[in-house]
Amino acid sequence: MSDRNPSPAGGPLVEGPRDPEHDATASYALEPDYVASLTRRILATTGQTVEVQSPLNGAPLAHVPQSSADDVAQAFARARKAQLAWSRVGLDDRARMLLRLHDLILDRQDEIIDLIVLESGKARKHAFDEPAHVALTARYYARTAHEHLDTQRKLGVVPGLTRVEVNRVPKGVVGIISPWNYPFTMALCDGLPALLAGNAVVAKPDAQTMLSALLGAQLLEEAGFPPDLWTVVAGPGADIGPEMIGRADYICFTGSTATGRLIAEGCADRLIGCSLELGGKNPILVLRDADLEKAAEGAVRASFSNAGQLCVSMERMFVADQVYDRFVDRFVARTEAMSLGASLDWGLDMGSLISQAQLDTVTRHVEDAVAKGARVLTGGRARPDLGPYVYEPTILEGVTPEMTCFGEETFGPVVSVYRFHDEADAVARANAGDYGLNAAIYSQDGARARALARFVKCGTVNINEGFSATFGSIDSPMGGMRQSGMGRRQGSEGIHRYTESQSVATQRLIRFGPMLGMSDRAYAKVMNANMRLMKKLGRP
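Counting from 1, position 518 in the sequence shown corresponds to residue 513 in this note's numbering; the numbering is continuous, with no gaps.
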């Protein structure tokens, strides 16, 4: 990604098409008119752009207009106006728009996947997960809208005479700051329940994958969501993030733990809420009774999906002594059988890292581990012959605490394997460190594995699966413990975070105080007698 460059107002390109005869990366991967139809959705008046190149081959994709502080202020002003009208739209009408979005995503799936692969470099089969996940999210919240948002009756203090209801009131304008690793999913999935709950959204997607997020915004409008209800701004997080925090009623962020702390501090200063999905150093436990073929197959997907650039992917693997050698043999063999590359086509098991920065991090972690005595069981090198940022899926053995990759998140296709002697030790080692996002347990005794999961300090635990079972279950909450974040996406928690609960109580016939000349003391005795009666009747 280049530095900022001036560009003509409203134009997607800065320098014009390059000459393919003299420049191997001269051919633009996307039609300029198509790019312009997306980038014009960004509220940006600075005249500055950032060039984005495809990690597949370095070909330029777009020049993304950059927003100013004034642009962010304007985005929130528009969103607030749109939200006032939107909050009066019936819940069934909002849900119908989500169902239209579901169908549009499935109809346009190939276009979405192409854009994701071009921007992120991931294998096509991993890009497929993104529109599938957003469509699932849209359908789930549309079908469960009343379950989550209808006014609920609650118990009153005086049975029959006190009517209590709890309303779910939208917070207002939600700021969503989304990452590059799942650019379509993370740009949309957190915002859909916010819209259903009656909020507006101001979104700041990551600069490296802006086009996928903009296509999502376009599909929302095509599904019937009003203009300005979902506004997009662009720019460096250090510049745009504080401007969003200063104006939003709630912030949703997915990214690094370090940035998450800064966002939490900014939200605390304004007394607004936030949800943060942050880093992880996720463990797999392979117990002595595991189905080793199933565990090895799952470990490959859990460790190397999206080249390991997945918050819930696995970087630590604890294997019971009794099955360690047999499991590792299977895991290595399956890893070495993977097809690698950088392509839009189906058929690859793993694609590219997204950038030189990610490649540098992965290389540094592996080289540091090897220099300090770790053994590479397979992988361990970059593959520029396949793509500029392709790195082989790598399995390390003998990783120790002084090595960088022992406790620091690599966010790449690198996993370390360790033996364990007893399950209590395995759980203790899995819980070591500051993170607690995702874990997996492989065992043919499901009940025992589920009981063990209660002692693993992670927000999600998958049994005989790496991450898809929990991530794909939209009805269940997903998020991290400890330094892996706060708050949850998906399920009731994923939509209630965007609402304020409002209690409305109506009192009939009696008042809470002495009546008909009763003394305060007599009133207290009557109330005490009433409370004893309610306990005998089993009332909460």
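Even for Gly, the Cβ is constructed at its ideal location relative to N, Cα and C.
With a contact defined as Cβ atoms closer than 8 angstroms, V456 and I436 qualify at about 7 angstroms.
The beta-carbon separation of K166 and Y493, rounded to 6 angstroms, stays under the 8 angstroms limit for a contact. Ranked by Cα distance from Q478, the options V499, G454, H491, R484 are led by G454. CA-to-CA, the gap between L150 and A519 works out to about 22 angstroms. When the Cα atoms are used, V159 and P535 turn out to be separated by approximately 15 angstroms. Partner residues in the beta bridge of L271, as assigned by DSSP, are F248, M481. Burial check for T465: the Cβ neighbour count within 10 Å reaches 16 or more, so the residue is buried. Just measuring C-alpha positions, the residue of Q61, A364, A524, S471 sitting nearest A202 is Q61. The beta carbon of V327 is closer than 7 angstroms to those of L372, T373, I390 in its chain, skipping five residues each way along the sequence.
Along the segment 145 to 175, the beta strand (DSSP E) occurs as fully enclosed runs of 3 or more residues at 147 to 149, 157 to 165, 168 to 172, listed in sequence order. Residue pairing by DSSP places Q502 opposite T157 in a beta bridge. A straight line joining the alpha-carbon of R103 with that of G407 spans about 29 angstroms. Linking R73 to L190 through their CA atoms gives a straight-line distance of about 15 angstroms. The beta carbons of N426 and G275 sit no closer together than 8 angstroms. With a cutoff of 8 angstroms on beta-carbon distance, V168 and A195 are scored as near each other. In the three-state reduction of the DSSP assignment, P60 falls in the strand class, which pools E and B.
Taking a contact as a CB-CB distance under 8 angstroms, the pair G219 and M92 counts as one, their CB atoms being some 4 angstroms apart. A Cβ-Cβ contact shorter than 8 angstroms links F313 with Y413.
By the Cβ neighbour-count rule, T330 is buried, with 16 or more other Cβ atoms within 10 Å of its own. For A315, DSSP records a beta bridge to F415. Counted as a single uninterrupted DSSP element, the stretch harbouring T204 is not any beta strand (DSSP E), since DSSP gives it neither H nor E. Secondary structure note for Y437: it is in no alpha helix (DSSP H), and the uninterrupted beta strand (DSSP E) holding it is 433 to 437.
Between the segment 224 to 235 and the segment 101 to 120, the count of Cβ pairs shorter than 8 angstroms is below three; the stretches do not touch. Relative to the Cα of E397, the nearest Cα in the group R378, F415, P383, V365 belongs to V365. For the pair L38 and V47, the CB atoms are not nearer than the 8 angstroms cut-off. By the 16-neighbour rule on beta-carbons within 10 angstroms, H141 is exposed. Annotation: the continuous alpha helix (DSSP H) that includes T132 extends over 119 to 138. Within the segment 214 to 266, the runs of alpha helix (DSSP H) that reach at least 4 residues and sit entirely inside it are, in chain order, 232 to 240, 252 to 265. In terms of Cβ geometry, S411 and E292 do not form a close pair [threshold 8 angstroms]. Spanning the alpha carbons of S207 and S32 requires a straight line of approximately 12 angstroms. Taking 8 angstroms as the cut-off, the beta carbon of A369 is found no closer than this to the beta carbon of G342. DSSP places T373 within a strand segment (E or B) once states are collapsed to three.
By DSSP's assignment, M345 forms a beta bridge with L335.
The beta carbon of A290 sits closer than 7 angstroms to those of V281, F322, Y437, all from its chain and outside the five residues before and after it, given in chain order. At least 8 angstroms separates the beta-carbon of I279 from that of A302.
S63 is classed as buried because its beta carbon has at least 16 other beta carbons within 10 Å across all chains shown.
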